[in-house]
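Inspection log for the structure reproduced underneath, given as structure tokens.
Protein chains: 2
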Amino acid sequence: MDTVTHTGAQPPAFWPFGRENPRRDEVLSAALELFTSRGYFNTSVQDIQKAAGVSTGFIYHHFSSKEELARALYHKLIDGLAADIAAIGRDHSTLAGRSRALIGYFLRLAEERPAAMAFILHARHREFMPDEKPICSSAPFAMMLDMVREGTGKGEAREVETVVAATALFGGCIRMIHLFLDGVIEPPLTPMADDVWRCAWEGVRAGDME
Amino acid sequence: MDTVTHTGAQPPAFWPFGRENPRRDEVLSAALELFTSRGYFNTSVQDIQKAAGVSTGFIYHHFSSKEELARALYHKLIDGLAADIAAIGRDHSTLAGRSRALIGYFLRLAEERPAAMAFILHARHREFMPDEKPICSSAPFAMMLDMVREGTGKGEAREVETVVAATALFGGCIRMIHLFLDGVIEPPLTPMADDVWRCAWEGVRAGDME
DNA sequence: GTCTATACCACGATAGAC
DNA sequence: GTCTATCGTGGTATAGAC
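Residue numbers (this note's numbering), protein chains in the order written: chain A, 1 to 210; chain B, 1001 to 1210.
Written as structure tokens, this is what we have:
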């Protein structure tokens, strides 16, 4: 049977930091921490600079602006997320298996990398990166929508609009992570993964209704 | 049978504006529009002042600070929401009926008052109102959690943790509204209310599982 | 490439006339 | 109560030495 967590050969691609330019990554890491705890607008470049142990000049040498720094961080996280979701898509062939693995993956990620998760799910990106398209139409979420569409096409999921099925399937999990990030739910989350997935799946699976 | 929309005798209490002090309410209304379209930090007091057709002095006479203005707006909206949710709780006695009415109400509200809905669901309140508790633990959401708890107690819903059931039941709807507010889903939303509720309810209702 | 020092501007908030 | 004019702070970004 499918396991709830990531089952690929490679470890998750998420947060692939600290390789070639450690000091630059230190800046991104400090920015992530500050952006998620205080918010983008409550974080000055000076705050980031001090937290990362570098100078203002260093930051403006590597990033053309504060906004650009946020964008670099954003794309690094989104790309890692997309890679992991793609891997889950390859490892599983049914919507049931995929959604189960995805929900397990998300809950684990929220627990292990809350700041990264908060920056992806929680932040109002458009407010500080005006030209960025909404995150829900970015690659990771588009891939999830495709999986749902495929599942409906194969008769695995009920005949409802794809958005409805997708939000029904993943909305509970995402909502739960929001509550966790807001401090309303205490960790650990992962023990609840099975229940979260069962509730979601019962709602969308095709078959014996009424 | 229950109707999906609000069934109480009174109209929804939400957004009870324009009564005693029209100009003050004009300020709140302009602020709401600007806060949700550009974000709190991208909106200056001057912007609000111009949009509302009043002077800076007027704003600072009625609100002690920009943050205080946001707080007044926030509480006005939360209170209206709480009143409407309480009315739904009175009008329906089962979790099935209540959740159906709530989902219909939320989708309708998102469509008719997108700015208000965005300010409640979308905004990162803690970033600009540091002393406010997280919205998910405020009165409206606490009431919904109570309804779920009661439903589980009466054997209507499956035996899972209350948070899990609550997020499963309302997470899809809330997620959908997020997508709508981000411009990913086109209106109208209300025609999907029945499907949204059915998916959610099938996931949590007690009874014949495998 | 990386630092320090500083220019410049926008914003929140106030002062004081009416 | 409501207005206009203005102050002070703090933040982004740059200049220029090393």
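Beta carbons are placed, not taken as given, at the ideal position from N, Cα and C, and that holds for glycine.
- In this structure, the beta-carbon distance from Glu-67/A to Met-129/A falls below 8 Å.
- Distance between Ala-1082/B and Ile-1088/B, taken at the CA atoms: about 10 Å.
- If only complete runs of 4 or more residues are kept, the stretch 101-146 of chain A shows the alpha helix (DSSP H) at 114-117, 125-128, in order along the chain.
- Out of Leu-1069/B, Arg-1024/B, Gly-1039/B, the CA that lies nearest to the CA of His-125/A is found in Gly-1039/B.
- Under the Cβ distance rule, Arg-175/A counts among the residues neighbouring chain B, one pair being separated by less than 8 Å.
- Counting other Cβ atoms within 10 Å of its Cβ, Asp-1131/B stays below 16 and is therefore classed as exposed.
- Taken atom to atom, the span from the alpha-carbon of Thr-1056/B to that of Ser-1065/B is near 11 Å.
- Taking C-beta atoms as the reference points, Phe-119/A and Phe-35/A count as a pair closer than 8 Å.
- Sequence-distant partners of Ala-72/A (beyond 5 residues in either direction) whose C-beta falls short of 7 Å from its own C-beta, in its chain, are Leu-28, Phe-63.
- Nearest to Ser-1037/B by C-alpha distance, out of Ala-1193/B, Trp-1197/B, Asp-1194/B, Gly-1183/B, is Gly-1183/B.
- The shortest C-alpha to C-alpha distance from Phe-106/A to any of Cys-199/A, Gly-207/A, Met-192/A is the one to Met-192/A.
- Close to Ser-1137/B, with beta-carbon spacing below 7 Å, are these residues of chain A in chain order: Val-184.
- The C-beta separation of Ile-177/A from Leu-121/A comes to about 6 Å, placing the pair in contact by the 8 Å criterion.
- Within the DSSP bridge table, the entry for Arg-205/A names Ala-157/A as partners.
- Residues of the same chain with a CB within less than 8 Å of the CB of Thr-1043/B, apart from the 5 flanking positions on each side, are Ala-1031, Leu-1034, Phe-1035 in chain order.
- In this structure, the beta-carbon distance from Phe-41/A to Glu-1127/B falls below 8 Å.
- Closest in C-alpha terms to Ala-52/A, from the list Asp-25/A, Ala-70/A, Met-117/A, comes Asp-25/A.
- Rounded to the nearest whole angstrom, the C-alpha separation of Cys-1199/B and Asp-1047/B is 43 Å.
- In this structure, the straight-line span from the alpha carbon of Arg-158/A to that of Gly-1104/B is close to 21 Å.
- At a cut-off of 8 Å between beta-carbon atoms, Met-117/A makes no contact with chain B.
- If you look at Glu-67/A, you'll find it in the alpha helix (DSSP H) that goes 66-91.
- Going by DSSP, Thr-167/A is part of the alpha helix (DSSP H) stretching over 162-181.
- About 6 Å separates the CB atoms of Arg-1175/B and Ile-174/A; that is less than 8 Å, so the two are in contact.
- Ser-138/A sits buried, since 16 or more C-beta atoms from the chains shown fall within 10 Å of its C-beta.
- Residues of the stretch 38-55 of chain A whose Cβ lies closer than 9 Å to any Cβ of chain B, in chain order: Arg-38, Gly-39, Tyr-40, Phe-41, Asn-42.
- Arg-1023/B sits close to Val-1054/B, with the two beta carbons spaced by under 8 Å.
- When CB distances to chain A are screened at a threshold of 9 Å, the residues of the stretch 1146-1174 of chain B falling below it are Arg-1158, Val-1160, Glu-1161, Val-1163, Val-1164, Ala-1165, Ala-1166, Thr-1167, Ala-1168, Leu-1169, Phe-1170, Gly-1171, Gly-1172, Cys-1173, Ile-1174, in chain order.
- Along the stretch 30-70 of chain A, the alpha helix (DSSP H) occurs as fully enclosed runs of 4 or more residues at 45-52, 56-62, listed in sequence order.
- Under the three-state reduction of DSSP, Val-184/A is assigned to coil, being neither helix nor strand.
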